Amino acid sequence: MFYTTTEQDLIMQILEQTGWMRTEHVLRLMRGKDPKAELWQVEKNLRQLRYMGKLIFQDGGAVSLPYPPTADPIMLDAVSVMLDIADGAPSAVSSAKKPYLLTFLALMGPKKDRLTGFGILPVPDGKECQTLLLAQSSDLPHVPVFLLSHEQQQKEISLPRRHYFALCRDGRFQYREGGGAG
7 MFYTTTEQDL IMQILEQTGW MRTEHVLRLM RGKDPKAELW QVEKNLRQLR YMGKLIFQDG
67 GAVSLPYPPT ADPIMLDAVS VMLDIADGAP SAVSSAKKPY LLTFLALMGP KKDRLTGFGI
127 LPVPDGKECQ TLLLAQSSDL PHVPVFLLSH EQQQKEISLP RRHYFALCRD GRFQYREGGG
187 AG
C-alpha cells in the first residue's frame with residue numbers, strides 16, 4: 007500500500023476534476039502552499055504518483071489520469087485562470103457545477119480573508135449571447151469568469167453583477183473587471 011503526501015493529494019484533487027494538468031500548473035499549485043517549492047519537487051511528486059499508477063505523463067509537459075480523456079485545451083486554460091485568480095491556492099475545485107466548466111473557492115482581499123467562489127465559463131466564438139444567458143440563469147453564487155476567445159466578445163457580454171473577463175495574449179492571461187467587480 008502506498009501513501010500520498012499532502013502535496014500529492016492536492017495534485018490529485020485537481021487532476022480528478024480536470025483530467026489533465028500542465029507541469030507548470032502543478033508548480034504553481036505547490037507554490038500556493040509553499041512559495042519556495044521548486045520544479046524538482048514537482049517532478050518528484052509526479053514520478054511517485056506515476057509509480058503508484060495514479061497518473062501518466064503526456065507529451066508537451068502535461069500529466070493526466072491513467073484513463074485520460076482527450077486533452078481539452080480549454081480546460082487547461084481554465085486551470086491557468088483558476089491558478090491566477092486563486093494565487094496558486096484554490097479549494098473546493100469542481101468540474102460538475104453547470105453551467106461552469108470549472109468552479110473553485112479562493113481567499114481574496116488585501117488580507118486574503120474573504121472566501122469567494124468563482125466559476126469559469128468559456129465563451130465560444132459566436133456564442134456570446136448563449137453564454138451570457140447561461141451565466142444569468144445560474145443559481146450558483148459564484149462570480150463568473152468569462153474565458154474569451156477574442157477581445158471583441160467582451161462587448162457582447164454585460165452582467166449587472168460582479169464578473170471578470172480572461173483573455174490569453176502571448177501565452178499569458180489578462181483580466182478585466184465587469185459589473186460590480188473590484
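Start counting the sequence shown at 7; every next residue gets the next number (this note's numbering). Using N, Cα and C, we set each Cβ at its ideal position, and we do this for glycine too. Quick caveat, the model's predicted, so the values are computed rather than measured.
Would residue i be called buried (16 or more neighbouring beta carbons within 10 Å of its own) or exposed?
i: Ser164; result: exposed
i: Gln136; result: exposed
i: His169; result: buried
i: Lys60; result: buried
i: Thr12; result: exposed
i: Thr76; result: exposed
i: Pro128; result: buried
i: His148; result: buried
i: Leu139; result: exposed
i: Gly115; result: exposed
What span of residues does the alpha helix (DSSP H) with residue i cover, start to end?
i: Tyr57; result: 45 to 57
i: Thr144; result: The identity of residue 144 in the sequence shown is Ser, whereas the question assumes Thr. Looking at the DSSP string, Ser144 is not in any alpha helix (DSSP H), and its letter there is neither H nor E.
i: Gln101; result: Sequence check: residue 101 is Ser here, not Gln. Ser101 -> no alpha helix (DSSP H), and no H or E assigned at all.
Taking the alpha-carbon of residue i as reference, which of the options has the nearest alpha-carbon?
i: Arg178; options: Val99, Gly184, Tyr170, Val87; result: Val87
i: Gln142; options: Ala68, Pro105, Ala84, Gln160; result: Pro105
Could you please give the first and the last residue of the uninterrupted beta strand (DSSP E) stretch that includes residue i?
i: Thr109; result: 108 to 114
i: Arg167; result: Where Arg167 is concerned, there is no enclosing beta strand (DSSP E), given that its DSSP letter is neither H nor E.
Using the DSSP secondary-structure output, state which residues sit across from residue i in a beta bridge.
i: Leu153; result: Pro128, Ala172
i: Val69; result: Met27, Phe63
i: Leu123; result: A quick correction: the sequence has Gly, not Leu, at residue 123. In DSSP, Gly123 forms a bridge with Leu111.
i: Phe8; result: DSSP lists no partner for Phe8.
i: Glu162; result: The partner list for Glu162 (beta bridge, DSSP) is empty, contrary to what the question assumes.
i: Glu3; result: Given that the chain is displayed from residue 7 to residue 188, the structure contains no residue 3 and the question cannot be resolved.
Note to self: Below 8 angstroms, how does it come out for the segment 89 to 108 and the segment 30 to 44: are there three or more Cβ pairs, yes or no?
What the structure shows: yes
Next item on the list: Flag this pair as touching only if the segment 34 to 53 and the segment 119 to 129 have three or more C-beta atom pairs under 8 angstroms; answer yes or no.
Entry: no
Notebook entry, point to check: Is there contact here, the segment 51 to 60 with the segment 94 to 110, by at least three beta-carbon pairs under 8 angstroms?
Noted result: no
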